[in-house]
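Student:
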Amino acid sequence: MNKQLEIDNLLQSKEREIAELKNLLDQKNEEIEQLRKSRIKYPSDGVIESDALSKDDIERYSRQMIVPAIGVDGQKRLKKASVLVVGCGGLGCPAAQYMAGCGIGRIGLVDYDVVERSNLHRQLLHAEFNLGVPKVTSLAQALLRLNSSLKIDEYNVQLSSANALEIFAKYDIIVDASDNVATRYLVNDAAVLSGRPLVSGGAVGCEGQLTVYNYKDGPCYRCLFPEPPPPETVSNCSDVGVVGPVPGCIGVLQALQVIHIITEKGEVASGKLLLFDGVSFTFRSIRLRGKSPTCKICGSEPTITQLMDYEQFCGSPANDKDSGLNILDASERVSPVFLEQAIAKKLPLLLIDVRSPVEFEMCRLPESTNIPLKLLNKEETVDQLKEMWATVAGNQNAESRVYLVCRRGNDSQLGVRRVQNILKCQVFDVKGGLHAWSRDVDPSFPIY
Amino acid sequence: MNTEQLNFTVEFSGGAELLFNKEKTHQVCFPSVEEWTIGKLLIWLRDNKLTERPELFMQGDTVRPGILVLVNDTDWELLDQLNYKIARGDSITFISTLHGG
């Protein structure tokens, strides 16, 4: 125990040290900022500067200015340009990183979320020490570390119909690096209404897509997709997963499209969709329809003239989190603590984990058996389930229970209904799933 | 290649393959005495290849919102859409749009 106390004290003193060092770092950064500002005001110390580019700029950006696709004129344009990045995650990090690197003068960052451990494998500008910190703050710090001459604006808000137009008005180009359908329609409509080109990227699993909307006479998102997809057909990174380099690659290409729009030298992917398949390792560029004359927002007679309620329009929330499902009666649900006690008392029970096999393989409760929700209705599963139940219940049927568990307690509720139809017995879902188990029973169980 | 047959490729990506047993590429071969349009192909895919609920792929007689259809890497809106006549060697692609990031 003394040893533990010693370690705790040591940890606390190290944390204090780090906090002090962070303060010192902030102070020094502030001093540098002040010094730089005073230097810009009085550039009369014999340095010959071209009209917009400083000595630092020339030294820093020479390698890219030499390339005809940028040139000196392009570099000056980049310096004067302002770009808004909506979403500071798997696409937003690499997009912003390369925009900061190439010297885009002003970058706005929008995100309401904080950095979570499950972000770190792909959102590479968020560091471990920033877990729990707003993503915009974490990303702004990282960008300024890369290039302290930039102006970075942080919007730690959920982009909405109430604030989008006001924020968009301050930037020349919008980058859609968001993670859900409702936000994508909002970003499109706000970009069209404020007359801004929109560099749109998407990535899920091992696939990525990239196109530019609302650029000159090209189509907008609504020209391609006048109606939102049914919510149950939309997959997100949280449920289907995503392999880091895939959004990384798409985000970097978004930055390159931003450069092309600013410098007007390279090809802009308007009316074209770039597809990247990270498994077959192929890029494809496909030719899309042009602007639709009947488009409700960018057509010749638009009927959408202001922003709307996008969550209602899409029938899904403007985030990639699962909303809490609640389809069971309170008497059909138990808490994780209740389940723990039932296990400890060795009551006869069948604990079914309805997550996918790969999730079950990652982490599971030792007493559980895996039957993915998708398989619960299959004929062969029904027999298997009846057999398992017979083994558990034996001749003390009245005492035995079936419990269903999943990641967050949504699928397990759906499963309860199905199992009730198959086994005529008492079936319960574990409220809040394994996340709640980790919170209330065993903090060493991973939350993912 | 047998000239009496209409051979072409059907591809799914962006998650649309999840509706078709997770297989991204399907080689299709029909007797070429019959004329095949994309409209007819949709029904055939729904009845013969689809492994999930029909409404996740189709709405009415066409694809559901959020799926792009391509013929040889060109948006079908630039062609005859449902009435496009499939030719030997064509590649018909169904792409679900990705919203994650």
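Those protein sequences? They're chains A and B, same order as listed.
Taking this note's numbering, the leading residue of the first sequence gets 778, the next gets one more, and so forth.
Taking this note's numbering, the leading residue of the second sequence gets 493, the next gets one more, and so forth.
The C-beta atom is built at its ideal place from N, Cα and C for all residues, glycine as well.
Keep in mind it's a predicted model, so treat the numbers as computed, not measured.
1) Along the region 945 to 978 of chain A, what residues have a CB closer than 7 Å to any CB found in chain B?
2) Taking 7 Å as the cut-off, is the C-beta of residue 1216 of chain A nearer than that to any heavy atom in the ligand ADP?
3) To the nearest angstrom, report how far apart residue 587 of chain B and residue 519 of chain B are at their CA atoms.
4) Anything in chain A within Cβ reach of residue 505 of chain B, meaning under 8 Å, just list it in chain order.
5) Short of 7 Å Cβ to Cβ, which residues in the region 566 to 583 of chain B face chain A?
6) In the DSSP assignment, the alpha helix (DSSP H) including residue 534 of chain B goes from what residue to what residue?
7) Distance check for residue 529 of chain B and residue 575 of chain B, CA to CA, integer angstroms please.
8) Does the region 1141 to 1153 of chain A come into contact with the region 1093 to 1112 of chain A, if we say contact requires no fewer than three beta-carbon pairs (one atom in each stretch) closer than 8 Å?
9) So with CB distances below 8 Å, who are the chain B contacts of residue 1002 of chain A?
10) Hey, how far is the Cα of residue 797 of chain A from the Cα of residue 1133 of chain A?
11) DSSP on residue 1087 of chain A, reduced to helix/strand/coil?
12) State the beta-bridge partners of residue 1229 of chain A as determined by DSSP.
13) Is the CB of residue 1064 of chain A under 8 Å away from at least one CB in chain B?
14) Looking only at its own chain, which residues have a Cβ that is under 7 Å from the Cβ of residue 550 of chain B, when we skip the five neighbours before and after it?
15) Going by beta carbon distance, what residues of the same chain come within less than 6 Å of residue 504 of chain B, once the five residues before and after it are set aside?
16) Assess contact between the region 967 to 980 of chain A and the region 904 to 920 of chain A, defined as three or more Cβ pairs (one per stretch) separated by less than 8 Å. Is contact present?
17) Is the distance from the Cβ of residue 1064 of chain A to the Cβ of residue 1048 of chain A below 8 Å?
18) Kindly list the residues whose CB is nearer than 8 Å to the CB of residue 948 of chain A, restricted to its own chain and excluding five residues on each side of it in sequence; keep chain order.
19) Specify whether the region 887 to 894 of chain A and the region 1074 to 1081 of chain A touch according to this definition: at least 3 beta carbon pairs, one from each stretch, less than 8 Å apart.
20) Can you tell me whether DSSP reads residue 1124 of chain A as helix, strand or coil?
21) For residue 823 of chain A, is the classification buried or exposed, using 16 other Cβ atoms within 10 angstroms of its Cβ as the cut-off for buried?
22) So, with DSSP's three-state summary, where would you put residue 1206 of chain A?
23) If you draw a straight line from the alpha carbon of residue 1069 of chain A to that of residue 991 of chain A, how long is it in whole angstroms?
24) Would you kindly check if the distance between the Cβ of residue 952 of chain A and the Cβ of residue 931 of chain A is under 8 Å?
25) Below 8 Å, how does it come out for the region 1032 to 1042 of chain A and the region 1101 to 1121 of chain A: are there three or more Cβ pairs, yes or no?
26) Please confirm if the region 1143 to 1150 of chain A is in contact with the region 1206 to 1216 of chain A, defined as three or more CB-CB distances below 8 Å between the two stretches.
27) Does the distance from the C-beta atom of residue 982 of chain A to that of residue 1018 of chain A stay below 8 Å?
28) Tell me whether residue 794 of chain A sits in a helix, a strand or coil according to DSSP, three-state version.
29) Helix or strand or just coil, what does DSSP make of residue 522 of chain B?
30) Could you tell me which residues DSSP puts in a beta bridge with residue 873 of chain A?
31) Using a beta-carbon distance below 8 Å, is residue 542 of chain B in contact with chain A?
32) Which residues, in chain order, does the region 1139 to 1163 of chain A contribute to contact with chain B at a C-beta distance below 9 Å?
33) Between residue 1210 of chain A and residue 1189 of chain A, which are expected to be in contact by the criterion C-beta below 8 Å, what is the C-beta distance as a whole number of angstroms?
34) Give the DSSP-derived three-state secondary structure of residue 926 of chain A in the structure shown.
35) Counting pairs of Cβ atoms below 8 Å between the region 1013 to 1033 of chain A and the region 870 to 882 of chain A, do you hit three or more?
36) Between residue 593 of chain B and residue 877 of chain A, is the Cβ-Cβ spacing less than 8 Å?
Tutor: Taking the geometry as given:
1) 954, 955, 956, 957, 958, 961, 978
2) The ligand ADP is absent from the structure shown, which contains no ligands of any kind.
3) 17 Å
4) 984, 1052, 1054
5) Correct list: 566, 567, 569, 570.
6) Its alpha helix (DSSP H) spans residues 530 to 540.
7) Taking the straight line joining both Cα atoms gives about 5 Å.
8) no
9) 557, 558, 589
10) 45 Å
11) helix
12) Residue 1229 of chain A is absent from the model: chain A starts at 778 and stops at 1225.
13) yes
14) So the qualifying residues of the chain are 534, 538, 556.
15) 512, 516, 586
16) Because the criterion of three Cβ pairs below 8 Å is not met, the region 967 to 980 of chain A and the region 904 to 920 of chain A do not touch.
17) yes
18) 859, 860, 861, 883, 885, 973
19) no
20) coil
21) Low per-residue confidence applies at residue 823 of chain A: pLDDT is 44, beneath 50, and the placement is therefore not dependable, though the value from the model is reported in the following sentence. Residue 823 of chain A comes out exposed.
22) strand
23) 11 Å
24) no
25) no
26) no
27) yes
28) helix
29) strand
30) DSSP, once it has assigned bridges, lists no residue as partnering residue 873 of chain A.
31) no
32) none
33) In this structure residue 1210 of chain A touches residue 1189 of chain A by the C-beta definition: roughly 6 Å separates them, less than 8 Å.
34) coil
35) Segment contact: the region 1013 to 1033 of chain A against the region 870 to 882 of chain A, three or more CB-CB distances shorter than 8 Å; contact assigned.
36) no
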